[in-house]
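A.B. asks:
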Amino acid sequence: GVPSQLEFFSEADLTTSAQPGKATPPPSTGRLSHPVTLESFRPVIGFDPTPSRLPVKPAKPNGRFQEGRLTAQAAELVLRIGLETVAARVSVRWNSKMRTAAGRAFYETFRIELNPRLLHLDGVDGPSEIDRTLRHELAHLVAFHRAGGRRIEPHGTEWQQACSDLGIPGEARCHTLPLEARRVAKRLAYECPACGSQILRVRKFRRIVACYDCCRLHSGGKYDDRFRLKAKRLPRA
79 GVPSQLEFFS
89 EADLTTSAQP
99 GKATPPPSTG
109 RLSHPVTLES
119 FRPVIGFDPT
129 PSRLPVKPAK
139 PNGRFQEGRL
149 TAQAAELVLR
159 IGLETVAARV
169 SVRWNSKMRT
179 AAGRAFYETF
189 RIELNPRLLH
199 LDGVDGPSEI
209 DRTLRHELAH
219 LVAFHRAGGR
229 RIEPHGTEWQ
239 QACSDLGIPG
249 EARCHTLPLE
259 ARRVAKRLAY
269 ECPACGSQIL
279 RVRKFRRIVA
289 CYDCCRLHSG
299 GKYDDRFRLK
309 AKRLPRA
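In the working numbering, the protein residues as written are 79 to 315.
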């Protein structure tokens, strides 16, 4: 996942020169505030960014929970609310590499992925939970389709309306299922050279990142290399 506290810039943005003059750093808050959400960096809802390095169990469910049957169920649900385009594109897959997420939805391909551990959780009605999670993720695709390219909040009013239309009114944005959480120590600290704000990371960023607050205050929200975050490795605990 991409931290919402950072601003990402394309190569074209990097050609923009910094404004002349020395900037006065804003007061340090110890964190990078004012989240920036870019759809190109938010293709997945409920994404678990930490891949599993352990043997994966259980295998993909069969019978009534075969991928083809779940895909047909999802298509039928959206057909009931008049979304033929979504019904023609939606697909459902099991992803045995998922650990902490119950499911996730991909906007670009209209694909839903479910965690097969949903059928093997203590004290949880597996079939009911699969149905609820399927509708939860399908609501993301419905909300995205209805927005017509307009940027919306992942769990905003559009998603809430879609949940209601799909038969799960009042759906919570996050699950409380006893799925295993994998804790990974943060190895890197990215720091703004101007205000000193930091964000801790497990892995390096693949793109150049800058302090959003400083760029907003001193460069009109455009990339400024003076505020490029510098990475330093943290000592092992």
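Using N, Cα and C, we set each Cβ at its ideal position, and we do this for glycine too.
(1) Per DSSP, which one or two residues make a beta bridge with LEU192?
(2) Using 8 Å as the cut-off, can you tell me whether the region 164 to 171 makes contact with the region 231 to 239, which would need three or more C-beta pairs spanning the two stretches below that distance?
(3) Could you give the distance in angstroms between the alpha-carbon of HIS296 and the alpha-carbon of CYS273?
(4) How big is the Cα-Cα spacing for ARG177 and THR211?
(5) With a CB to CB cut of under 8 Å and the five nearest residues on each side skipped, what residues in its chain are close to GLY204?
(6) Leaving out five residues on either side along the sequence, give the residues of the same chain with a beta carbon under 8 Å from the beta carbon of ILE159.
(7) So, helix, strand or coil for GLU269, using DSSP?
(8) Relative to the C-alpha of LYS175, which candidate in GLU191, THR163, ARG251 has its C-alpha closest?
(9) Can you check DSSP and say which residues form a bridge with ILE277?
(10) Pick from LEU216, CYS289, ALA250: whose alpha carbon is nearest that of ARG182?
(11) Using the C-alpha atoms, what's the distance from VAL202 back to CYS293?
(12) With a cut-off of 8 Å on the beta carbons, I'd call ALA267 and LYS310 a contact; round off their distance for me.
(13) Pull up the DSSP beta-bridge partners for LYS308, would you.
C.D. replies: Taking the definition as stated:
(1) Your numbering for residue 192 matches position 114 in the sequence shown. TRP172, GLY181.
(2) no
(3) For the purposes of this step, residue 296 is taken as residue 218 along the sequence shown, with counting starting at 1. For the purposes of this step, residue 273 is taken as residue 195 along the sequence shown, with counting starting at 1. Approximately 12 Å between the Cα atoms of the pair.
(4) Here residue 177 corresponds to residue number 99 of the sequence shown, with the count starting at 1. Here residue 211 corresponds to residue number 133 of the sequence shown, with the count starting at 1. Looking at the two C-alpha atoms, the distance is approximately 15 Å.
(5) Here residue 204 is taken as the residue at index 126 of the sequence shown, counted from 1. Once the five neighbours on either side are set aside, the close Cβ partners of GLY204 are LEU196, LEU197, HIS198.
(6) Taking the sequence shown and counting its residues from 1, one reaches residue 159 at position 81. Once the five neighbours on either side are set aside, the close Cβ partners of ILE159 are VAL220, ASP243, LEU244.
(7) Within the sequence shown, numbered from 1, the residue matching residue 269 stands at position 191. GLU269: strand per DSSP, three-state reduction.
(8) Locating residue 175 in the sequence shown gives position 97, where the first residue counts as 1. Among GLU191, THR163, ARG251, the Cα nearest to that of LYS175 is on GLU191.
(9) Residue numbering aside, residue 277 sits at position 199 when the sequence shown is read from its first letter. Answer is TYR268.
(10) As a first step, residue 182 is located in the sequence shown; it is residue number 104 there, counting from the start. If we check each option's Cα against that of ARG182, LEU216 comes out closest.
(11) Along the sequence shown, one-based indexing puts residue 293 at 215. Along the sequence shown, one-based indexing puts residue 202 at 124. If you take the alpha carbons of CYS293 and VAL202, they lie about 47 Å apart.
(12) For the purposes of this step, residue 267 is taken as residue 189 along the sequence shown, with counting starting at 1. For the purposes of this step, residue 310 is taken as residue 232 along the sequence shown, with counting starting at 1. Indeed, because the Cβ distance is near 5 Å, the residues count as touching under 8 Å.
(13) Translated into the one-based positions of the sequence shown, residue 308 becomes position 230. Answer is GLU269, bridged to LYS308.
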